[in-house]
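Just remember that our numbering sits 43 ahead of the position in the sequence shown, which is counted from 1.
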Amino acid sequence: MDIDVEAVRRWIDDDPDEATARELTDLLEQSATSEDARIELADRFRGLLEFGTAGLRGHLGGGPNRMNRAVVIRAAAGLMEVLKRHAGPDFSIVIGCDARYGSRQFALDTAGVATAAGGTAYVLPLAMPTPLTAFALRHLEADAAVMVTASHNPAEDNGYKVYLGGRVVTDSGQGSQIVPPFDAEIFEAIQAVTSVRDVPRAQSGWHELDDSIVEAYLDRVTSLVTGGPENAQLRIVVTSMHGVGGATMSEALRRRGFSDVHVVAQQQDPDPDFPTVRFPNPEEPGALDLAMQLARDVNADIILANDPDADRCSAALPDPSIEGGWRQLTGDQVGALLGLRAVTQARGGEGNPTVANSIVSSRLLSRIAQTHGVTHRVTLTGFKWISRVPNLVFGYEEALGYCVDPGYVRDKDGISACLQLARFAAERKADGSSLRAVLDELACEFGLYATSPLTIRVDDLATITTGMANLRERGVDSLAGSPVIETTDLTNGSEQLDLPGTDALIFRTESDDRVVARPSGTEPKLKCYCEVVIPVSDGNVDAARTQAAERLERVKTDLRAALGV
Numbered sequence: 044m045d046i047d048v049e050a051v052r053r054w055i056d057d058d059p060d061e062a063t064a065r066e067l068t069d070l071l072e073q074s075a076t077s078e079d080a081r082i083e084l085a086d087r088f089r090g091l092l093e094f095g096t097a098g099l100r101g102h103l104g105g106g107p108n109r110m111n112r113a114v115v116i117r118a119a120a121g122l123m124e125v126l127k128r129h130a131g132p133d134f135s136i137v138i139g140c141d142a143r144y145g146s147r148q149f150a151l152d153t154a155g156v157a158t159a160a161g162g163t164a165y166v167l168p169l170a171m172p173t174p175l176t177a178f179a180l181r182h183l184e185a186d187a188a189v190m191v192t193a194s195h196n197p198a199e200d201n202g203y204k205v206y207l208g209g210r211v212v213t214d215s216g217q218g219s220q221i222v223p224p225f226d227a228e229i230f231e232a233i234q235a236v237t238s239v240r241d242v243p244r245a246q247s248g249w250h251e252l253d254d255s256i257v258e259a260y261l262d263r264v265t266s267l268v269t270g271g272p273e274n275a276q277l278r279i280v281v282t283s284m285h286g287v288g289g290a291t292m293s294e295a296l297r298r299r300g301f302s303d304v305h306v307v308a309q310q311q312d313p314d315p316d317f318p319t320v321r322f323p324n325p326e327e328p329g330a331l332d333l334a335m336q337l338a339r340d341v342n343a344d345i346i347l348a349n350d351p352d353a354d355r356c357s358a359a360l361p362d363p364s365i366e367g368g369w370r371q372l373t374g375d376q377v378g379a380l381l382g383l384r385a386v387t388q389a390r391g392g393e394g395n396p397t398v399a400n401s402i403v404s405s406r407l408l409s410r411i412a413q414t415h416g417v418t419h420r421v422t423l424t425g426f427k428w429i430s431r432v433p434n435l436v437f438g439y440e441e442a443l444g445y446c447v448d449p450g451y452v453r454d455k456d457g458i459s460a461c462l463q464l465a466r467f468a469a470e471r472k473a474d475g476s477s478l479r480a481v482l483d484e485l486a487c488e489f490g491l492y493a494t495s496p497l498t499i500r501v502d503d504l505a506t507i508t509t510g511m512a513n514l515r516e517r518g519v520d521s522l523a524g525s526p527v528i529e530t531t532d533l534t535n536g537s538e539q540l541d542l543p544g545t546d547a548l549i550f551r552t553e554s555d556d557r558v559v560a561r562p563s564g565t566e567p568k569l570k571c572y573c574e575v576v577i578p579v580s581d582g583n584v585d586a587a588r589t590q591a592a593e594r595l596e597r598v599k600t601d602l603r604a605a606l607g608v
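Listed below in structure tokens is the structure:
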């Protein structure tokens with residue numbers, strides 16, 4: 044395995060961080076006698092960590108293919124160059140960070156580069172939720188924002204997320220995450236940085252924002268729901284998953300009169316090691332175990348969970364029919380609940396109110412919107428697309444992301460979503476009902492829309508290419524015994540769905556079951572999003588759920604055979 048030793052030494056000499064420079068020096072010395080060290084060093088130097096629509100994300104450590112100060116300073120320099128082109132030399136930028144290792148230093152490095160480049164940099168208080176950064180961008184009318192976070196990735200990762208607004212993006216995407224061609228333009232500017240030590244960095248001069256920005260966010264979030272004595276009657280368990288949303292979430296609930304709130308103490312304070320969970324992602328099995336135990340102990344009505352940067356929301360409801368007595372809702376079920384609330388409030392509103400979700404999310408939202416006379420749009424996967432829909436009043440994706448206040452936060456916001464769910468649950472409890480009953484009512488009205496993913500993890504990325512090629516060349520004749528009547532290849536986009544091109548296939552059967560197959564954009568996975576629709580007879584939703592679970596498994600079996608991997 045060839046290693047360009049001189050390139051490694053040049054990087055070490057240019058590294059502004061003594062810790063990562065020393066780490067690389069040690070690794071270089073070890074590589075002379077250790078094959079493992081050579082492999083590790085080669086991986087760290089196989090290219091510059093690529094800047095895409097999700098910004099940067101990777102393992103912490105020294106070298107160009109890791110998250111570190113040298114890479115972040117290069118990224119900041121490239122971003123500021125692009126901002127000067129599009130907003131002018133007096134550009135402004137908001138900078139936030141979570142509590143992961145390195146986050147605060149990366150934020151300050153970005154502020155130093157922005158200030159030295161002639162821009163105005165607003166640095167948020169230490170360790171705040173991602174939605175606060177997205178809010179501050181629009182609230183302060185800045186041209187861009189950076190959030191240093193790896194969201195719900197493992198502890199060894201960090202990331203660098205970029206939003207554009209102000210004078211850079213002036214249409215319905217103002218304040219959203221970047222989309223092409225901005226990602227390529229920024230990456231090109233990053234690659235043009237020849238030396239980190241040559242990048243000017245101010246040591247002061249940026250604006251350290253105080254808690255008034257948090258107050259402005261809380262004022263806005265709490266204005267979305269009403270108070271009332273029924274809120275105090277709802278018993279809630281909340282967890283922030285060792286992240287930065289705990290204090291803000293608890294305060295939002297308190298201000299709206301939710302006084303019977305029980306916090307998972309072991310997960311309340313920010314901890315970059317995430318010690319009580321294998322993965323700090325509410326979607327992962329076991330992530331809500333502590334919350335469910337507390338919910339059983341206090342006889343709670345609902346569990347509300349955020350991921351570590353609080354841009355996602357998960358919920359669980361009591362269900363005596365299953366072991367443990369608690370059932371975590373799917374992202375699509377939460378999307379249906381919040382979507383129903385949104386269209387009910389938006390119905391008859393001015394300006395063509397619109398709800399949206401991604402192609403891999405449930406079609407139930409479309410049915411709900413149609414019944415209430417509200418426009419529905421489908422988008423490509425990712426909030427960078429959902430948040431750009433004109434006249435948006437609500438958007439979601441199945442991966443626990445919900446935008447309930449797009450006029451102020453043009454991204455997913457787990458705190459406002461949790462608050463909306465809490466209010467909805469309080470209203471239903473006061474009426475002698477529950478959110479579970481709402482889901483049953485939707486199933487009786489529209490049929491039971493049940494979703495479940497089939498994820499193929501691979502070691503060789505060529506396996507994903509083979510699987511997608513098999514689906515395209517051989518096709519799929521039937522799924523769970525129902526003939527496939529429609530196949531849509533989105534390689535060149537779809538006029539019918541009004542979507543640009545992407546590597547995805549959609550199969551729909553005579554029974555109106557659907558599968559969307561696509562490679563993961565962030566991990567070595569081939570993902571198939573399966574949805575079945577089961578009519579509900581005589582109000583027997585439980586029977587429909589049993590039938591749906593069986594049919595989903597049959598769909599997955601047929602898919603595995605069609606993929607041939």
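Each residue gets a CB set at the ideal place from its N, CA and C atoms; glycine is no exception. None of the values given here were measured: they were computed from a predicted structure.
Check	Outcome
CA nearest to the CA of P351, picked from I411, V320 and S283	S283
Reduced DSSP category for L491 - H, G, I as helix; E, B as strand; rest coil	strand
V584 in three-state terms, based on DSSP	helix
DSSP-derived helix/strand/coil call for T506	helix
Distance, I116 Cα to E470 Cα	49 Å
Distance between beta carbons of A359 and M335, contact taken as under 8 Å	7 Å
Closest Cα partner of L92 within the set L167, V51, D57 and I233	I233
Inter-residue Cα distance where the pair is L277 and V341	12 Å
Identified DSSP bridge partners for A399	R420 and G438
8 Å Cβ cutoff met for V28 and P396	Because the chain in this structure spans residues 44 to 608, residue 28 falls outside the shown range and cannot be described.
Alpha-carbon to alpha-carbon, V156 and A245	6 Å
DSSP beta-bridge partners of P243	DSSP output for P243 lists no bridge partner at all.
Beta-bridge partners of C356, as assigned by DSSP	N349
Residues near V447 in its chain [Cβ-Cβ closer than 8 Å; skip 5 each side]	L267, L381, A385, F437, D456, S459, A460 and Q463
Span of the alpha helix (DSSP H) around I136	Segment S135 to C140 is the beta strand (DSSP E) holding I136; no alpha helix (DSSP H) there.
Pair within 8 Å by beta-carbon distance, L522 and D601	yes
Alpha helix (DSSP H) segment containing K455, residue limits	Premise fails: K455 is in no alpha helix (DSSP H) and is neither H nor E.
Sequence-distant residues of the same chain with beta carbon closer than 6 Å to V280, five excluded per side	H305, A334, L337, A338, A343 and I346
DSSP state of D601 mapped onto helix, strand, coil	helix
Opposing strand residues paired with H305 [DSSP bridges]	V280
Short Cβ contact (8 Å threshold) for A465 with F301	yes
Beta-ladder partner(s) of E529, from DSSP	R551
Any 3 or more C-beta pairs closer than 8 Å across the segment 314 to 328 and the segment 107 to 115	no
Cβ pair L423, P526 closer than 8 Å	no
Three-state secondary structure assigned by DSSP to E258	helix
Proximity below 8 Å, CB of A187 to CB of I136	yes
Local conformation of G145 per DSSP, three classes	coil
Closest residue to V212 among K427, I528 and L372 (Cα-Cα distance)	K427
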